[in-house]
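Visitor:
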Amino acid sequence: ALALVYLAAAADAQAVPTCGFQVGGAVCGDGRCCSRFGYCGSGPAYCGFGCQSNCNEVGEQCGIQAGGATCANNLCCSQFGFCGLGAQYCGVGCQSNCHAVQRCGIQGGGALCANGLCCSQFGFCGLGAKYCGVGCQKAKAKAVPQCGVQAGGAVCPNGLCCSQFGFCGLGAQYCGVGCQSQCSSG
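Heads up: the sequence shown is residues -15 to -1, 1 to 171, going by mature numbering (1 follows the signal peptide of the UniProt record, and there is no 0).
#1: Note down, in chain order, each residue of its chain lying with its Cβ closer than 7 Å to the Cβ of C117, except the 5 sequence neighbours on either side.
#2: Where does G95 land, buried or exposed, given buried means 16+ other C-beta within 10 angstroms?
#3: Could you give the residue range of the alpha helix (DSSP H) that holds Y159?
#4: Pick helix, strand or coil for G69, following the three-state DSSP scheme.
#5: Return helix, strand or coil for F6, following the three-state DSSP convention.
#6: Just how far apart, CA to CA, sit A11 and V77?
#7: In the DSSP output, which residue or residues are listed as bridge partners for S38?
#8: How many Å lie between V134 and Q167 at the Cα?
#9: To the nearest angstrom, how far is the alpha carbon of L145 from that of Q37?
#10: Considering only the beta carbon of each residue, do C132 and V119 sit closer than 8 Å?
#11: If you drop the 5 nearest sequence neighbours on each side, which residues of the same chain put their C-beta closer than 6 Å to that of C40?
#12: For the candidate residues F150, C13, Q149 and G154, whose alpha-carbon lies nearest to that of N82?
#13: Indicate whether at least one CB of chain B lies closer than 8 Å to the CB of C75.
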């Protein structure tokens, strides 16, 4: 891993930093990691030790970068070969499970997110700081069961998982323990 960091630093030695504290805290606009040296990229050299932003990219790999592997729990595979949700994974360049995006807010025609999810500043439904933090758009929709025994045996559209509580969605809370239908990875 140390050799990878060294190689990344050496390869970028001629370039001007594009992210991180080196340029006033800028982040990589395409969802890639910002290395400790201030360069955008993916993989351990950028997302590992000293990573400054978008460091979650050390997670599960997919797509052409991982021999065609798909993501578990119907997560999207980004153009850089990482699994996740939101614009940086399911948007431009997405390699698989790209339908797994629920648009909301201004970008989604005023739609609210179901199941208590937040609507990010970019119009994607999800949980965590990227969705519920700065720029979060409006309130969440009231949670009404959509699938499973709570909804008369209904199945979720677009291959979404049905949680143990009867809600359609993606990720471990929907596709994990207690999932009622369409629980396998995409």
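Ideal Cβ placement from N, Cα and C applies to all residues, glycine included.
Guide: So, from the listed chains and residues:
#1: C103
#2: exposed
#3: A157 to C160
#4: strand
#5: helix
#6: 21 Å
#7: C19
#8: 14 Å
#9: 33 Å
#10: no
#11: C18 and C32
#12: G154
#13: Among the chains of the structure shown, chain B does not appear; only one protein chain is present.
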